[in-house]
Amino acid sequence: MSSDESPSPKRQRTEDAPITRSEIWKRDGSVVLQAANTQFRVHWSVLEENSSVFRGMQGLPQPVAQDSVDGCPVVEISDDPVDVEYLLEALYNPSHISLPESPPFPGWRKYDFKDLFDSAVARLTSRYPTTLQAFDAVVLQPTTDTLEYYGALDFDIVTLASENNILSVLPCAYYRLLNQFNLYTSVTDYSRQSSLFDGVQKEDGTITHLSGLDLRRCVVAREKLLTTQFQPGYTFGWARQWVFNDCEDASRCRALREDIQRMHLDGAHIRVLARSSHFLSHPRCFPCTRHMTESIDRGRKKTWDELPKFFDLPPWGELKNNI
Numbered sequence: 001m002s003s004d005e006s007p008s009p010k011r012q013r014t015e016d017a018p019i020t021r022s023e024i025w026k027r028d029g030s031v032v033l034q035a036a037n038t039q040f041r042v043h044w045s046v047l048e049e050n051s052s053v054f055r056g057m058q059g060l061p062q063p064v065a066q067d068s069v070d071g072c073p074v075v076e077i078s079d080d081p082v083d084v085e086y087l088l089e090a091l092y093n094p095s096h097i098s099l100p101e102s103p104p105f106p107g108w109r110k111y112d113f114k115d116l117f118d119s120a121v122a123r124l125t126s127r128y129p130t131t132l133q134a135f136d137a138v139v140l141q142p143t144t145d146t147l148e149y150y151g152a153l154d155f156d157i158v159t160l161a162s163e164n165n166i167l168s169v170l171p172c173a174y175y176r177l178l179n180q181f182n183l184y185t186s187v188t189d190y191s192r193q194s195s196l197f198d199g200v201q202k203e204d205g206t207i208t209h210l211s212g213l214d215l216r217r218c219v220v221a222r223e224k225l226l227t228t229q230f231q232p233g234y235t236f237g238w239a240r241q242w243v244f245n246d247c248e249d250a251s252r253c254r255a256l257r258e259d260i261q262r263m264h265l266d267g268a269h270i271r272v273l274a275r276s277s278h279f280l281s282h283p284r285c286f287p288c289t290r291h292m293t294e295s296i297d298r299g300r301k302k303t304w305d306e307l308p309k310f311f312d313l314p315p316w317g318e319l320k321n322n323i
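All residue numbers for the sequence shown refer to UniProt numbering, where the first residue is 1 and numbers rise by one.
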């Protein structure tokens, strides 16, 4: 196995940099992992129980002159100390961990922490579901969200899902991007750089961007959705073509339909999955309110069923996670 695929008992350290101990330092630990110049004292039994890679190292011959700390062998690994710390925190406290701004999925897969990886994927698929009912549940009950929100979360999730072939979360994640960000100016945050093209500036000043493929999918889908949302049978088709004849206040109801068209044609909002209750605050007659509600509900379902297609992805039933 190459040094890129598994931990190496000996790896050159960053020259002249001091060795530091992380906060993960188990006093009864039996092995010290070293990432760059940061050391972590942990239990070998925990590593090999959860990782087939570490389990496979158990029987390998060890160097005669292997470094040790407090009687524990030092195993050097070629990973970012921040990622290693997060991985170990998740390993020792799986119920208290939330997805960070830079999820270390590559390391989880590299060392085959299967249960840890599967648990993280489950959290992703819970927040970015494949059914409209589950999507509404996340929106209506944000306290049940399995991921801690931060400004660049949806950007990072799209990148994470694309790079790790977690394809089932992409339609919903893409839609969340379109709902929150415009092409050049953020819909919700004007204080920092944030748009589909320019990316999102994080608290530490770094900027996260979409890949060329993800950006193309979002831009193309955005234009399709802006047009399709007003076609018959879709979410706002009723606003452009009113086919009902039992209106009790034609002038007022027509004006409200025109307002809704203008609001959703300006390109600042992609709200094809907006619930009908969002529009109930706009006064209109009872028959028109009933027709609008039923039309939006049907249109939302139709849009959701076709959502992957807008992003040039296979249908929901064929959209599998290749992990």
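Glycine residues also receive a C-beta, built at the ideal position from the N, C-alpha and C atoms.
Partner residues in the beta bridge of Trp-25, as assigned by DSSP, are Arg-41. The way I'd put it, the stretch 282-292 does touch the stretch 244-259; three or more beta-carbon pairs between them come closer than 8 Å.
Residues of the same chain with a CB within less than 7 Å of the CB of Asp-80, apart from the 5 flanking positions on each side, are Ala-35 in chain order. A residue is called buried when at least 16 other Cβ atoms come within 10 angstroms of its Cβ; Tyr-184 does not meet this threshold and is exposed.
Residue pairing by DSSP puts Val-69 in a beta bridge opposite Cys-72. A distance below 7 Å separates the beta carbons of Asn-179 and Ile-270. Restricting attention to alpha helix (DSSP H) runs no shorter than 4 residues, the stretch 130-214 encloses them at 132-140, 153-163 and 170-180, ordered along the chain. The C-alpha of Gln-231 is placed about 23 Å away from the C-alpha of Cys-285. Relative to the Cα of His-209, the nearest Cα in the group Leu-273, Glu-203 and Ser-195 belongs to Ser-195. In terms of Cα proximity to Glu-258, the closest of Ala-250, Val-272, Arg-240 and Arg-275 is Arg-240.
7 Å or more divides the Cβ of Val-272 from the Cβ of Leu-215. Judged by DSSP in its simplified three-state form, Ile-270 adopts coil rather than helix or strand.
In the structure shown, the three-state DSSP call for Ala-122 is helix.
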